[in-house]
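Trainee:
In the numbering used here, the protein residues as written are 118 to 475.
1) From what residue to what residue does the beta strand (DSSP E) around residue 257 run?
2) Would you report the Cα separation of residue 475 and residue 263, rounded to the nearest angstrom?
3) So who's on the other strand from residue 205, going by DSSP bridges?
4) Of the choices 255, 455, 287 and 124, whose alpha-carbon is the least far from that of residue 403?
5) Between which two residues does the alpha helix (DSSP H) containing residue 187 stretch?
6) Measuring straight from C-alpha to C-alpha, what distance separates residue 243 and residue 214?
7) By a C-beta neighbour count over all protein chains shown, 10 Å radius and 16 as the cutoff for buried, is residue 245 buried or exposed?
8) Keeping to the same chain, check which residues put their C-beta closer than 8 Å to that of residue 431; ignore five residues upstream and five downstream.
9) Tell me the start and end of each unbroken beta strand (DSSP E) in the region 302 to 390 that is at least 3 residues and wholly inside, in chain order.
10) With DSSP collapsed to three states, give me the class of residue 148.
11) Indicate whether residue 163 and residue 203 have their beta-carbon atoms separated by less than 9 Å.
12) Beta carbon of residue 398, beta carbon of residue 376: below 9 Å?
13) Residue 285: which of 468, 471, 467 and 450 sits nearest, CA to CA?
14) Where does the unbroken alpha helix (DSSP H) through residue 442 begin, and where does it stop?
15) Between the Cα of residue 174 and the Cα atoms of 161, 153 and 189, which residue gives the shortest distance?
16) Could you tell me the distance, in whole angstroms, from the CA atom of residue 225 to the CA atom of residue 462?
17) State yes or no: is the C-beta of residue 165 within less than 9 Å of the C-beta of residue 133?
18) Does DSSP put residue 428 in a helix, in a strand, or in coil?
19) Taking the straight line between their C-alpha atoms, what separation do you get for residue 394 and residue 312?
20) Out of 205, 233 and 334, which one is the CA nearest neighbour of residue 368?
21) Residues bridged to residue 298 by DSSP?
22) Could you check how far apart the C-beta atoms of residue 408 and residue 257 are, in whole angstroms? I think they sit under 8 Å.
23) Report the CB separation of residue 331 from residue 421 in whole angstroms; it is logged as a contact under 8 Å.
24) For residue 179 versus residue 221, is the C-beta distance shorter than 9 Å?
25) Could you tell me the boundaries of the beta strand (DSSP E) in which residue 475 lies?
26) Let me know if residue 310 comes out buried or exposed under the rule of 16 or more other beta-carbons within 10 Å of its beta-carbon.
27) Suppose you measure from the CA of residue 199 to the CA of residue 405; what does that come to, to the nearest Å?
28) Taking all protein chains shown into account, do 16 or more other C-beta atoms lie within 10 angstroms of the C-beta of residue 184, making it buried, or fewer, making it exposed?
29) Comparing alpha-carbon positions, which option in 324, 236 and 361 lies nearest residue 355?
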């Protein structure tokens, strides 16, 4: 089976985004991949200009194209480039064009990607009749799509996400002798990721856990609000917002425990990245997160409002530091055995080839 020529639809370009990592891997594996994006989000996120795609004419900037002209602009590109598979990666402004492109070119294959049950999910189900399938990254989302779909047999394929285990390794000389813990949040400053929930938790733990320091790393549309909240917090003496971390591993190396307080989520990379760095995780049991956590080995499923459970856990680790050492070792071992992104790249390649040839 031949590799399809792909047009990938992105809302905007963000440095480190899983979608961009996957698209680069596909190019390295010999796929012809063109990327179209709709918005400039550089004031909110650190942008990846995709210079490698632009250098050989495989980047389409729609930010200055009138929305009413985007249909014809991309249809012409689809024809000129002989595209045979569209990979929708969250470009909400382009969903409504999908059935009309399919009508113009019936052989065109259209594949959506869904990471959680919110976001672009409504658009997916509005236009699923023109789609040939959907890629999800968790068993949770596979079940959700099959239950919510109006199609008799929706074509849902699971591609479990992974990370580069050479980029995320334990910090050398990380064994601690002092009876202190650093607990942190690393991620996007946005409502669904719930950094404010982490601040709430830190404030509730502040008095009862005097040997715990709290750190936040990340950027996003809530960054200013989080910074102001931290500066005015009664826990400010041991609560700090460090801003965007250029390298996620550097932020994770500052932590003993990562907290993931998401309100909803898919299969967050940061859990896998933390484990690869030997950092166990306290995570909310939402979305695909429970599939990543082996309770008591690489982390714990605890919601951010369960203050007493978190306090009990932290107190136990402070009393017996060897327990933290065991967690750290197990976290790295689980990452090595389950989170290698080479498996993800193989799965994307085979899945897209099958979709294109169906």
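Ideal Cβ placement from N, Cα and C applies to all residues, glycine included.
Mentor: Let's see:
1) Unbroken run through residue 257 is the alpha helix (DSSP H), 256 to 265; no beta strand (DSSP E).
2) Each residue's Cα considered, the two are about 19 Å apart.
3) Beta-bridge pairing links residue 205 to 126 and 229.
4) For the residues 255, 455, 287 and 124, the minimum Cα distance to residue 403 belongs to 255.
5) First-last of the alpha helix (DSSP H) with residue 187: 187 to 197.
6) Near 12 Å, if we compare the C-alpha coordinates of residue 214 and residue 243.
7) Under this definition residue 245 is a buried residue.
8) Setting aside the 5 residues that flank it on each side, residue 431 is surrounded in the same chain by 298, 300, 322, 326, 329 and 374, each with a C-beta closer than 8 Å to its C-beta; the list follows chain order.
9) List check, beta strand (DSSP E) in window: 329 to 334, 356 to 358 and 374 to 377.
10) Correct three-state label for residue 148: coil.
11) No, these two residues do not count as a Cβ contact at 9 Å.
12) Less than 9 Å separates the beta-carbon of residue 398 from that of residue 376.
13) Here the closest residue by C-alpha is 450.
14) Looking at the DSSP string, the run of the alpha helix (DSSP H) that includes residue 442 is 438 to 455.
15) Nearest in C-alpha terms to residue 174, of all of 161, 153 and 189, is 153.
16) Whole-angstrom Cα-Cα distance: 23 Å.
17) Between residue 165 and residue 133, the C-beta spacing is below 9 Å.
18) Reduced to three states, the DSSP call for residue 428 is helix.
19) The straight-line gap from Cα to Cα measures roughly 21 Å.
20) Nearest to residue 368 by C-alpha distance, out of 205, 233 and 334, is 334.
21) Residue 298 is bridged to 329.
22) In this structure residue 408 touches residue 257 by the C-beta definition: roughly 7 Å separates them, less than 8 Å.
23) Contact flag wrong, Cβ pair sits at about 12 Å.
24) Between residue 179 and residue 221, the C-beta gap is not smaller than 9 Å, which leaves the two residues out of contact.
25) First-last for residue 475: undefined, no H or E at that position.
26) Counting Cβ neighbours within 10 Å, residue 310 comes out buried, since at least 16 surround it.
27) When rounded, the distance between both Cα atoms is 36 Å.
28) Counting Cβ neighbours within 10 Å, residue 184 comes out exposed, since fewer than 16 surround it.
29) Looking at the Cα atoms, 324 is the closest of the given residues.
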